[in-house]
Each structure stands twice: as C-alpha cells, then as structure tokens.
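Chains as they are written, first to last, in this note's numbering: chain D, 3 to 630; chain A, 3 to 630; chain E, 745 to 1087; chain Y, 745 to 1087.
The C-beta atom is built at its ideal place from N, Cα and C for all residues, glycine as well.
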Ligand SMILES: Cc1ncc(C[n+]2csc(CCOP(=O)(O)OP(=O)(O)O)c2C)c(N)n1
Ligand SMILES: Cc1ncc(C[n+]2csc(CCOP(=O)(O)OP(=O)(O)O)c2C)c(N)n1
Ligand code: SF4
Ligand code: SF4
Ligand SMILES: [Mg+2]
Ligand SMILES: [Mg+2]
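Pasting the structure below:
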C-alpha cells in the first residue's frame, strides 16, 4: 500500500513540532499493538518518528500488578529525530499499576490520561497505592484527564453481541481513537487495518472498530480536551519511506545480501527473545529461496548453518546473548574452517537469563573473545533500526569475501524500535562475489594438478572455497590444526604459529576494506564522544543539544568493532577527554584503552533501558567543563 | 614408599651438574612410560628435575611416521631448575622417524643413541630420508651411538617363551636400562616397579626385566660408551619430596581444599585431553567422600556441579578450552546465582580442536570475558606443576568465601610435566569457612523473621548461602535478574544496575584479599618481565641467565589474573619496557594495557610448545639494549 | 528422608509468597494446585524438597513453591538436578520442564537422566508449543502446525515423549493431563514414590498460543471415550461403558477393538512392572497425537538401582576398604617419596 | 542425484591420499574398507558425496575418503549434516560418529535428526568406550565396567542404541559388526538407499582400550549361535542349524526358543516395514548387551517424507504462489509506505 499524503481537509488546527506519547497498561491490554498502530498512522502522515516498546518477560503477567505493566513509547515529530525521547509528554495509563510504574518518569506538566474505571480499591492496592492518586493530590503537577474508558467502550459495543469480558478487551482501541483525535491522525488506515487483522473474527473487528470510533468521538465531543493539534510532515530526504523495526530491517538486509551474493539463505536458529522475530520474518519469505530451520538448540542452529555454508549457502544463525554463549565452540570451528557464517546477536539484559525483554549492549567482549584459543573474527554493530539493513549486508560482504564467521550485534532497543526508512534503490546495493573454486588451483609433488583448500588470495588472505558437487575438488576440512595451503592435519609447531598468524592477519587486514570512521560536530573539540551500537541516536541528539548551547564537542560512531577503522587512533589522539557511552560497564572502553593507550572513560548505563539524551548531555557538559 | 637416599657404594664416578635426556619413538613404543621411569628413579636419587612429554593426538599413530613420533624430555640436575631444558643433551631415537623429528632440535655436539635395527629401507622412506643418515655423514656434528636394541632385546628374552612380536615391545626397557647405566640410576626401584605394574602378566614382566638388565649390561660391557657419570642430589630445601605432575597436584589440591572447607567434592566432568587425568585421579579417591560424575557433555558437567553446589557440596568441573566454550552460558548462571563453583581449564592448542595434546595459553580472554552480559568472576593461573596444588586451594578459598564461580587455568605443559615437590604440612593449610546460613537473617514488612538469600556480608559482599535441608530457609534462586537482598525476580531498572555493580564490586574487592605481586631480580630495572601461568619456569631461568651475564632485569609473575593485585600498577610504572611472554598473541598484554595504559609488549609463541630459555633471554637482552 | 516425624502441613504451607505470573486461564495453574495439594500427603518436608527447572512458562513453577528451588537455564534442569540428587540423596528433587525445555534443547540431559535412573521426579508440561517465546512450534507439535516460525506449517515429525522415554531405558513413565486434578495427584504421587528417575508427561493447555490442543481427549465430555486409563494387572479397556479395549497383534502392535467383538479375555492385561519394556512401548504407540484415543496413567514402573544411591554406596565401600575417611597426609605420601636432609 | 551417467569407480578412487592413523588392529579399518568397497556400487560420484563426523577415533573417517568431508566438533555431526542435507538435497550425506560422540555429547542432535528424518546415513561406530581420550566408559558400556574414570566399576545403565533410535521415531534402524565385511556392505547399502535418516549401529572392536568386547557374538566361531539375522518376511531364527528362534509373548516381549519346541509357525515373522515400531522395538530388547544372542540386520525400514525434500518443496510452493522468485524491491514496499516529495 503506497499512500502519498494529501493535505487533510479539515479545520485548520494548531501545529506543534512533535510529541512523545506513552501507552501503558497490563501485558494483556494490547499496549504494544496500540502503540504500533499510532506509530503507523503517524508514519503515513510523513512524520519522523522513533519508538520504544518496553514490556515484561511474562506473556500476560497478572493483571493489575506493577511488574506486569507493558508500555510503548512513541515520539513523532515534524523534524528529524533520532531517539524516542527521554520522557513522555502524554501518558495513557490504563490502570493504577500503569500509573504507578510510569508517573515517576514523567516531566512535570505532562499530560496523563487515565482509565478511571480501573481505579477501584482492589486495583489500587495491587498497584501498591495506599490512597487514590486521582484524589490525594499527588498528581497535582500534571494535567490529568479522567476518562471512564472501559464503560464507554462497553456502551459503544453494546448491541454487537459481544460478551462483556470480550468487549472490555477493545478498550485499547478506545484509547487509540482518543489519542488519534488529539493529534489529528487519519482514521481510515486504522479502520482498514482492523478489518484486515481481525478479518477472521468479525465480532472482534466490529468491537474494536466501535471502540476506536467511540474514543475518537469522545475527544471531539467531551470538551474535556483542548483542541486537537497537528504535527506536520518532517522535512525528510525525498523518496519512498516505510516504517521499520530493527529486526525487520535486519531480515530484509539478509535477503538483500542473499540476492547480491547469489547465495541462498540458510537460517539455523533457536527461538529466543528478542531475536525470534528475525526467524519469524525470514520463514515467511520462502519465495526468496530461504530455508529456515528451527533447530533443537543454539548449537544445532549454528552448526547446521555451518553445514549449509560448507554446501555453498549463506549460513546464518540468529540469537541473543545466552545463545552466543552456547555457540562459542562452534564459532571456533568456523574460524578454523574459514567458512562464511553470520552470527547475529540481538543483545538483551544479562548476565544469564537476566532481563530477556530489556535492552543492553554487554556482549561485545563475548563477541570479541568468547572462544578458546586465538580465534579472531570480525564484529560489527548496527546503530539504528533502519541501519540494521545496511549492517546485515556489510556483515555478509565481509563473511563471504574473507571466508570468515562474522558477528553482527544489535540489541532489544533496535530490534523492536521503529523509525521511518527511506527505501534504498535495490540496484545500487553492493555486489558480493562468492568466487567458488571450480578447478584445481595448485600442483602436487608429482606435478599433478590438485585442489588445496587453504591456498589463499594473497591480498585478502581469504582461502579457496570449493563446494560439494564440484568435480575433482573433493577435500576434507576440520577443526584440528591444518597444514598451510593443503589443509591436511598438521601438529607441526611452526605451521601452527603460521596458521594462527594468518588467521589473525586476515581479520586484521579487513581494516583496509572498511570506511574510516567519520568525526562529526566540532572536529577539533577537546571532548570526543565515541559510540557504538544503538547509542547512536541518543549521542547524536545529545551532541546537537550541547553544541546548540555553545559547547564544543566532537563525536564518532563505530560500526566496525573488529577490526577497528584505520584512522581511529588518529581521531582519538590529543583529545582531552574521550567519552564512550555504553550500555555495559565499559567494554568498548577496554578495547580502546588497550589498543590506543588513550585514557577513554566509559559513560555507563546498565538499566535495561537506552540512554536518555539528558543523561548524555549532562556527562558531556561535565567533560567539557574539565570535570570528567 | 619412603626412601632416604644413601650414598651408593660403587666406584667413584665422574659427576656432572645435570643432563637433558629425550626419549623418542613411535606412539606405541612406550616412550612416555620410559621417560617417566627414568624421571622417577632420578627423583629418588634426590635430583631436581623437570619433564616435558610431547606426543601426538592419535592413540597409536602409524608406526614409523614422523607425525606419529612420541617424545619425552627430562632434565635432571644437582641444582634447582625450573624448566625441562631448551634442547636435549642426549637423544634416544628408537627409529628413523624419531631421529628425523628430533635431530634438528639438538644442539651441535649432542649425543644420539639410535636403535639401528629399525634403520631399514622401508622405515627410512617412511620417515622421509632419501639416504641413511647414519651413513651419509649428515650427523657428523653429533656423537652417534648405534645400538641394535631390538635384536639384543630379542636375544635377552629368548627362552622366556615370549612371542617375537611381544618381545620387541620390551625394547624401550632396553633403552631405559642403557640410559640408567649411563647416568648411574639405581636399578632396584625400576625392577620393583616392573614387578608391580606388570604383575598380572608375568611374561611381560619377565620380558621387560630381561630387556632392562640387558640394556644396563650392554652399557657396562660394550665399551662403546664413556664411563658412566653421576648427577648428585640437588641441594633442595630439606623435607619429604615426591615427584608430581600438574594434574596430580591439582587433584590433590582439590582434595586438600575439600578437607579444609569440610565441603565434599562433587566433580562433574566430561573427558577431554589434557584434563581427563584429573577426573581419573579424583575418581580413584572415593574414600575422601569424592563424587565424580562423568557427565554426558561439558554442559551437564558444569550444571551438575552447580546443582551439587546448591546442595552444599564443593562443585567442580574440569575441562579444556573447547569445554569452557560450551560452559559459558552455565557460568553466567553461576555468576547470577552467586554460588561457589570451580571451573578448571587445562589449556591446549586452539582454536577449535586445534592441537589437543600440545600446550598453549590462549584461553585467558575467554576466561575473563567468554560470557554474555556483565558476568565478572575471579580467574587464577597455576605457574608450575607443583603450584597447581596451591592454586587449587586458593581458587576454592575465593569461590567459597565470595560465593562465586572461579576459573583456574593450567595448561598441557603443567598438566603432564613433573617436578619434585616438597610436601606441605597438611596442618598448616588455610582453613576455608563455608559459613552456611542456619537461621533467618532479616525481618519482613510485617516484622516476621525471614531469610533473604541475597543479603550480603558488608565487607566481602558475599551473599548468604543456605542449603536444602535447613528448616525455615527455603528460597528460590534463578538466572533472571534478582531484587537486591530478597532475590525475588525484578525487572526494575535501578535494581538491575545495582546488582550489576554489586557483582562487579564483589569480584573487584577480592583484590584486598590476595597477596601483592612480588618483584624479583633487579627491582628497579628498566625492563620488567611480567608473566602468568606456565611461563614461570622459563622466565625465571631466563632472567637468572641475563642477570648472570650482567643484564639488569626485573620480573613479576601473576597468579591472580582477575582481579589483579593491588600493587601491580605501581610495579609497572616507570619501566622503559614491560615484556609479557605469552603462549598466545598477547592476551594478558591486552588486559594490562587497558588497565594501566602502559605500553606493555607481548613476547608471543604459539607453537604448541613452551618457551625455551634461550628464546626469552634473546628478547630480554634485546629489550635491555633498548630495542624492544 | 529421615525417620524423624515430619510436621503435618497443608497445601498453603507449600505455597511461596510470590505472585503467580502465568496468563489467566493457563493450564499451569491446575498443575500447581495439584502439586501443592499432594505435598502434605507425601510425608516430606518443604526444607528437604527442591524444585529444579529450566526456562519457559512451565519453568517458573519453582518460584511458587515454598521449598528450595533453582530456576536454572534452558534445557539444563535434568543435569542440575542430577548433580543435586547425587550429592544429596537425602533430598526430594523434582524437575519441572516444558516440551521445548525438556525435549528440544534439553533432550540429551533428559534421556541421560532417565537411563542413569537418577532419583528425580520429572514433570514435563507438554503444551505442544513454546509459550514463553510467544508461540513457535515444539518437538511435540504435530506435522503441519502453523506457528510464528512455521507460517506454512511445520514439516517436523514430532517425538512421542512416552516412547522416547521408554527407548531411553526409563524405569517410570506416566502420562496425565491438566484437566483432571485427581488423576494428576495420583500420578505425581506414584512418580514421587518411585526410587529412581520418574518421568511424567502432562498434557497442558496453553490458552494463549495453542488453545484447545488437547480438548479432543481431555475435556470432561470427551474423556470417557478418548482416554485409555492404564491400570496395573487389569485388561486395558475404555469407553463410557468400557466397551472398547486394546489387543496386541502377532507383531506386537497394540490396537483398539470393540470388546464385544473379541471378548474381554483377548484384551491385553497391563503390566507396568514387566521387565521387558515392549508392552509399555506398544501402548505408547496407540496414539500418535492427542486427537486419537490416548492411554493415560502409568505405562511402566520397574525397579532398578538408583544412581545417587549407587554412587554413594561406592563411597562407603571405598571408605571401609581404605579404613580411613581420607587422610590427606597419607595421600600426599602415596607415591614414591624421598627425604632431603637439612644442611 | 542426477540422471547423468556416473563414471564407474573402483574402491581405490574413493580412498584419499591421507595415511590412515588408527591403531594397528583397530576395527575401524575394516569398516573403512567396507565403505570404500561399497561406494562404486552405489551409483554415486565422489564429488556429490560428503562425509561429516564429530570427534573421536571413528570421526577421523572422512579424512580417508576421497570425497568432500567435514571433521566437525564433538557430537555435532548430525546437526552439521542436517544443515548440509537441507541446503543440498542433491548430495549424499553420511554421518560418522562414535558411541561417545553420537550418544553422549551428541545424543540430542542424533535423536532430532532421526525424528525429522533428515536424509543422512548415520554410521555409529560403537566400541563401548572412549577411544581417542584413552579409555573412559561410554553410554553404551556395561554396568560394572572398570575404566580410567570408573576404577570401581561404572554404575551407569547403558543405552541400547537401537531401542533409543526406535523411540526417537527413526525410519531406518540396523545393526552390523566389523568382523563381517559382507554384512556391513549390505547393511550400509540398504542404509544409503533409504530416503530419510538411516541409523546403523556397528559393533566395532577397540583393541587398545576395550579389546574383545564383542567377541562373544561376533567372532567366526560364535556368530552362528550368537547372532540373530533379521530378514524381512522371514521367521526370525538362528543357530548353526537354524535350531533356535524368536517368539513374541502375549505381552509383546520377544524371547528365544528352540524351534523344535514350538514349531516354526510359532516364530515371529520379521516385518521391517511395519508402520507400528513395536516389533522392531521388541526385537531390540532381545539382547541387553553383546554377550547374549543379538539381532543384526535391518530392524526397521519405513517410508516417511524426507525433511530436506519437504523443506525444499515448501520453497517451491512459495515461489509458485508468489509468482516471483523473490523481488527485493517488492519486499521493501510490502509494508505501508509513503512518499516524501522533493523540495
Ligand atoms: C539458551 C536459551 N535459548 C533460548 C531461550 C529462549 N526460550 C525461553 S523458554 C523457550 C521455550 C519454551 O518452551 P517450553 O519449554 O515448551 O515451555 P513453555 O513456555 O511452553 O512452558 C525458549 C526457546 C532461552 N531462554 N535460553
Ligand atoms: C567439546 C569436546 N569435549 C570433549 C572432547 C574430548 N573427546 C574427544 S573424542 C571423545 C570421545 C570419543 O569417544 P567415541 O565417540 O566413542 O569415539 P571413539 O574414539 O571411541 O571412536 C572425547 C570425550 C572434545 N574433543 N571436545
Ligand atoms: S503463554 Fe501459554 S503456557 Fe505460557 S503462561 Fe501463557 S497460557 Fe500458560
Ligand atoms: S584407540 Fe581404539 S578405537 Fe581408537 S584407533 Fe585405537 S584401537 Fe581404534
Ligand atoms: Mg511448551
Ligand atoms: Mg567409542
């Protein structure tokens, strides 16, 4: 469906530059869906936007509890933005627990819309309220709108023949209707979507539609609210856009890389939050020649992908931190076999099971070093939801060109967060050449032509890749140390050292094949903020904000974490302060310090939540003031 | 058996300070056993000694091939030594392949004793000799003794009723007899040992005895050799000694730690070279209350040990690099559960299957970082075969005291190498207090006594440890993030950050509970050699040698690799050059550079072989000369 | 277990203070209730009871029991429990797992625990779906199942958990379901009382991602005609009036007949204690999935030495043989030693 | 496999240039010879053949075949092979594994490959010991076995690999041994020709660490009385003169009788194609270990869709349904899109 946004014919309304809305309710209240719809309709209006889903690990945690609250934050703007915003302007709280969990994060003066029907004694108690916050004055710093969402929804659907319990389930559509009215979002796309989505259960569709319309009407008629406001389309680069999450972009990037390389995708994966959606997405697209294999565990996920890679497919495995921890031994085998393989780690809160549905970026050192022996491999990290597309292609390019496993890092924030994406021209995507061997490449002692699987390209040090089915190139490879060139088993001391060094040199040499890191902001500033991964948006916004108020600061962001860009040492040299914001205790910081002997300092946040811009601004200004 | 060495009554013989003997032959030739016996009889004579077994991964690789050669090097001395020596003074080569594999490593002037019976055309060709080295002059730089060992052995056992093929199997005892004569080793202990070891097969015992005696007699009568020489007892510290390998010392250390803590050992392990011998040793000693469990895989090895630890046992798992790679996820769980657990990694050549029977020390970064999320744990490394005993006790002490998994690193060189060990006074071993919780430790909201498993000792930050069976202290723990103090599931952002930091602080705080690192040699030298693990012996010898020839150099050796000793920064400060010899590409070097921003340089060797003293001397002198 | 009198408890004593966090309507609730109701009857105490689980909705179970508990990592509960049960034969160790946890990632630990006959009681909550990760198919999902990871239907042939357990040398194998509390309680009791590894498959409804998967056989109205109760020593028959029964063919195959057609004497008599596991296996093949008449109850219950007890016995023997319980100084001197005299 | 004529080969064409590195006298040699002798008969070419193995003595096998080969990591060969066979249904994929590799660390991958019916031919070299790590007991070692890790005898009850495979829904299950080349060749041929996962247990002598483990049944002089050859459609009988046979009891249990006592008609007739796996299971229970009369040959050979083929068919269907073979630009536009006009 392609819509060109026509100016809506309606009364001229006041325009605001943007708003941050947060929907919060029980895990069963459909907040993710509500937020998602609000986002989509804003996307169609041409706003820039950024989302932050935030939900517990339980499927439907007990109703009314604070730990069971599921929230979805979306920021929409008429200008370019790169974060979902530090705190909401408007909170929709479906029950006391949601209010309890969320209200303390709100800035003073924020708007709160509550579903008063849920504010009974039982729910207040469950949420841990001793007194009713709607009446005890504790919310006096906010603008509170009390709306009996449940009962109006019930009324609205009365007559459709829906059971009262089912009717109550539509109250999120009431909320969506109300907020859509407040921000003059178009009605039709949502109604259409309801029809398609709930097509198989017409009663549910009808009920949701009625609730949505009731919410919209309530805004218009209740005279409770100020007039609706508008957020104009953002002045984005021209072209065709879609709203995309990191996991979808990553999946599509893999499909693109498959097309560009001619290698069919084999995905060996075991479900795990927040990576499962890539498995889901890829398994939908079999017409692209994609084989998805839900393996018995993570080890079978990676080893099956390695088997497929041996067979000439694009072997991929997707997982999160606990899965990577299980794949270490097989990754070592892939390093030793020197076959292309892509391992995608959608990081989440750790250690151990940790916080499965929350974001974190504490798997970097595991990605770099989580294997025995010297087993170097390239590591990359995506920086925004849509960048996952490019990062996937780049990771595949390196894996195939250099015959190496590659780890691509993303995280829960990117995976589930969404933003508008200017669709690339598919014909301008880079070509990836598998360059399979097709004939003997060497001469044996008796002068006969032979195939030596570990003969290398002198420039890239990539080895030859001959796939089964190729006549005359039969060969055996394995995890025991191999003789240089022939690949036969060898325990010879000098050969081992040579092979260890060749494998290291091959990966290190990739530095010549990747872009230099760019410095932005005040290029020669004393203070440089070095980032990696999903901190990109928040760092950018923070640097802009500091500079807007006169502070001098530079920033650089790494996509390639191993090897590092050739110019990075140069970029860091001579700065008074190098700050590295990380959602861990300082993992890139360790790498940078060791590599460049620069006194880089980590700005650490390990809360299962992305950095806010405010947090970073404070730390940057501190550093500029010579204090950090 | 305790022997006090009485001066032997024999003709006065010439005394030499020491000798390095290397036995080499087919994997089926019994070279390891021969070397071992020679070592033992030298131990009983009071020599200091050090051994280096060196064998292929195949059980009995094809006879006569160079890759199938199995060697055992032993150095015996009348003074303190710390390495098996850079190269052999005497090589016993049982066949052409052994000569081929070993002769290039010999210093000019070395002695070679060959079994001429094996030097036929077929064997020469198998070994890759175009001409017979015994006759083509290629060995002119060595003193070569040609002994028809097989045929003399055959003669010697004739009449015992042994089949010729079996008789030939005794030729290693001939060699042992000959070398025992050359170095005036006592005959009786070996004869006794033959009787015991081969008691169940009297024919084999008789045949080996006859061969041994024949070898001894051959030395005495053949007039081929110079007079035998003697190596006097070394002036070691007084006390009772035994000859011990690293793996045995480690096993005994664990038994000692079990005694000192009162915690019965539970070993969950999956066999892997070169760690299996610890499983074997511990499974012999059930009278110490030791449970050994040969698990279905490495993951079951560690998780069963963790289950036993929950039950109040001393949970241990032993493995090598590939096994640690599999244990990463479970280690993360142990970090999260905060239970004592000991993971022992006997490192071998990597990556992947690598060089299973060769030594390497390239698992340090995996030990430090091979898990997802922030999951810090203490890491220690043993430095000599006998030090494995102390290191095991220290590792258990930290694990129990701080309720944490600990990784103890050893390697193939320490594991199989042997040295004399002055037996410790068992009563002076440190006591380890498990301090189980036995009663409620907190008060709940209603003022009732409760047990909170994550209440911490304010000093050590160690949590409470209550074991099943304790009434009233029932509690549940798991890998999901836990609420501080109560241990209940919590997804709360601030709590997560607090827990991440508490776990980190607990491990970091151990620095206050470990000895400072000692500097030896020229304390204020410009050049400091920093070591870890099994490089200890070679570094010590190299530093001594450099200083003996007037070079100024200091050395320090780390046993604790995480946290690092408090004074290490001080020790490194102001050195012109910090050299870190490592059997990897610079793993500790990375850690030191990141931590102290010191331009430490790795002296790397990754050949599956330990450093020679000569290699280190060269690098140290280079550095002293301002060149490194 | 000790001889000391165990204080009487009520189901409430076995409930922890933690709020149960499953979806409303989930079958896990009724299993939890059954276990809590059973515990006071078992003559055991909370402090000597440990629940060990992996990861999944089912695996949250230990948090809700006022006993010791470990919520470990995905698939590893049988291994954790093996270590605990070996180290502490005095404890009652339960394993809670799911069809993904126990049969997919944890399949190997499960079959090894069964063959070793480790003294643990294993409850496998089979909902034929991955609940906690929001609905992918599992190793027990039927061919053709459409899930998030199989939008065009699964092509994986499923395990029959009962057959697998029997093939893995299990000594106790049973099946029950979440809609029959009394049957669950009796089955769990039998499993608990069994020395060695007891394996119980529980058909459990996941009302969010696989609702009604077992309705064809487990609902009150269908049970009579679709569940085949196994009773030791009794001919295997079922149906509202007991009108149907099971016979073994000449090739060992079990099949369903009308009793009227063959006569009661032709029916196979269930023998859960048969040393040969073929009968139990034959019965396990009757239903390829929970849409056909399905046996429930105890398929197999035979005696074989319990692993932890055997291991502990070896320790005792070694202690007696050694005549000491581990003299460290003697150990250090057990090899060849020599004295270096003082100077 | 293609229709193009495959050039004729000899066993030598299937031997790689690498020296075989097993111990002299190891049973692995004769298995290697059997495989090399069989290959020219199979109508396949070396370049379309892949041997995948784990780690262990047995797992060195691929190096010695002049085909494509992967010597992977311990226990993972079935998973590596699953990926390869799914991606490349045109290849002949063999898995070589040991009793440790395939049943201890790799047990889970094995049973999952079997249930999925992945098109691979699995040869499990069962020497009832860990060879490469120098002699620890394995999951098939008998109770009481003294090894390096069990100096006082093992207390682990072993797997019966045939029973386990049948319990895991295998479609082809067979047993052979290293002393009978012809039997090996015939068994491997059947396994190879089977569509889907074929599992073959090979009793293999490790003359260094477990010498003679199978002598009671496999030596020339014992074979006649101790091996029970399974032949499809034939009554199961054995003995030098065929004087003994196998009957099924009323409880399905298989037992050995003198044919003279019961008459030939009482013997069970082997049906490897029986849709119900009970008969194969019953036969697998006859011998608890290789010291009792032991069935060899094909226990079970039934048809079920092969996994790789099913997966590939779904791709084809999707391509046809989509009417394109993956238009990337269309994919990128498949969600809601909007145009931002140029300024
Ligand atoms: C190592 C690892 N891999 C994957 C996951 C993600 N995961 C959690 S539960 C689960 C499967 C749950 O299914 P099941 O065992 O059937 O339990 P249920 O939720 O249905 O009760 C998966 C794949 C994980 N937590 N850890
Ligand atoms: C991850 C890992 N764990 C352990 C080992 C050590 N290992 C190598 S082979 C082997 C077992 C071999 O036994 P089996 O599979 O029966 O093969 P066999 O040698 O008897 O042919 C073990 C434990 C390893 N290489 N990798
Ligand atoms: S997802 Fe299914 S199994 Fe999990 S708690 Fe909800 S209903 Fe139960
Ligand atoms: S150890 Fe045993 S199985 Fe391995 S090669 Fe030697 S004889 Fe064969
Ligand atoms: Mg499930
Ligand atoms: Mg074996």
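Handout entry: C-beta neighbour in chain Y for residue 477/D, strict 8 Å
Key = yes
Exercise for the section: Verify the CB distance criterion: does residue 995/E have a CB-CB separation below 8 Å to chain Y? Expected result: yes
Exercise for the section: Please confirm if residue 839/E has its CB atom under 8 Å from at least one CB of chain A. Expected result: Chain A contact via Cβ: absent.
Problem - Cβ-based burial, residue 179/A [other Cβ within 10 Å; buried from 16] - result: Residue 179/A is buried by the Cβ-count criterion.
Practice task
Check the Cβ-Cβ distances between residue 1012/Y and every residue of chain B, and say whether any is below 8 Å.
Solution key: Considering every chain present, this structure includes no chain B. Its protein chains are D, A, E and Y.
Problem - Sub-8 Å separation of residue 319/D and residue 337/D beta-carbons - result: no
Practice task
Can you grab the Cα-Cα spacing for the pair residue 57/A / residue 72/A, in whole Å?
Solution key: Whole-angstrom Cα-Cα distance: 4 Å.
Handout entry: Inter-residue Cα distance where the pair is residue 900/E and residue 374/A
Key = 31 Å
Exercise for the section: Since I believe residue 608/D is in contact with residue 362/D (beta carbons under 8 Å), could you give me their beta-carbon distance rounded to a whole number of angstroms? Expected result: 7 Å
Problem - Boundaries of the beta strand (DSSP E) in which residue 347/D is found, first to last residue - result: 343 to 349 is the span of the beta strand (DSSP E), which, as asked, contains residue 347/D.
Practice task
Report all residues from its chain with a CB closer than 8 Å to the CB of residue 745/Y; omit the five preceding and five following residues, and keep chain order.
Solution key: Note that residue 745/Y scores a pLDDT of 42, beneath 50, so its modelled location is shaky; the value from the coordinates is reported in the next line. Cβ within range, chain order: 787, 788, 792, 834, 836.
Problem - The alpha helix (DSSP H) enclosing residue 595/A, as first and last residue numbers - result: 589 to 598
Handout entry: C-alpha gap between residue 569/D and residue 511/D, whole angstroms
Key = 14 Å
Practice task
Let me know the beta strand (DSSP E) ranges lying completely inside the stretch 94 to 158 of chain A, each 3 residues or longer, listed in chain order.
Solution key: 113 to 117, 145 to 149
Handout entry: Selection from 227/D, 37/D, 65/D that minimises the alpha carbon distance to residue 768/E
Key = 65/D
Practice task
Could you tell me the distance, in whole angstroms, from the CA atom of residue 249/D to the CA atom of residue 407/D?
Solution key: Spanning the two alpha carbons is a distance of roughly 20 Å.
Practice task
Go ahead and label residue 1036/E buried or exposed: buried means 16 or more other beta carbons lie within 10 angstroms of its beta carbon, across all protein chains shown.
Solution key: exposed
Handout entry: Within-8 Å CB hit, residue 690/E to chain A
Key = Absent from the model: residue 690/E. The displayed extent of chain E is 745 to 1087, so no value can be given.
Exercise for the section: Under 9 Å between beta-carbons, which chain D residues line up against residue 893/E? List them in chain order, please. Expected result: Within chain D, the residues whose beta carbon sits less than 9 Å from that of residue 893/E are 271, 273, 278, 281, 282, 285, 294, 296, listed in sequence order.
Practice task
Decide if residue 976/Y is buried, meaning its Cβ has at least 16 other Cβ atoms within 10 Å, or exposed.
Solution key: By the neighbour-count rule (16 or more Cβ atoms within 10 Å), residue 976/Y is not buried but exposed.
Exercise for the section: Report the neighbours of residue 1079/Y on chain E: residues whose CB is nearer than 8 Å to its CB, in chain order. Expected result: Going along chain E, no residue has its Cβ under 8 Å from residue 1079/Y, so there is no contact; the nearest lies around 16 Å.
Handout entry: Three CB pairs or more closer than 8 Å across the stretch 349 to 356 of chain D and the stretch 367 to 384 of chain A
Key = Contact between the stretch 349 to 356 of chain D and the stretch 367 to 384 of chain A is present: three or more C-beta pairs spanning the two stretches fall below 8 Å.
Practice task
Check the Cβ-Cβ distances between residue 811/Y and every residue of chain D, and say whether any is below 8 Å.
Solution key: yes
Practice task
Compare the C-alpha of residue 193/A against each of 39/A, 247/A, 81/A and name the closest.
Solution key: 39/A
Exercise for the section: Using only the heavy atoms of ligand 3, determine whether one of them is closer than 7 Å to the beta carbon of residue 952/E. Expected result: yes
Practice task
Provide the residue(s) that pair with residue 863/Y in DSSP beta bridges, ordered along the chain.
Solution key: Paired residue(s): none; residue 863/Y is not in a bridge.
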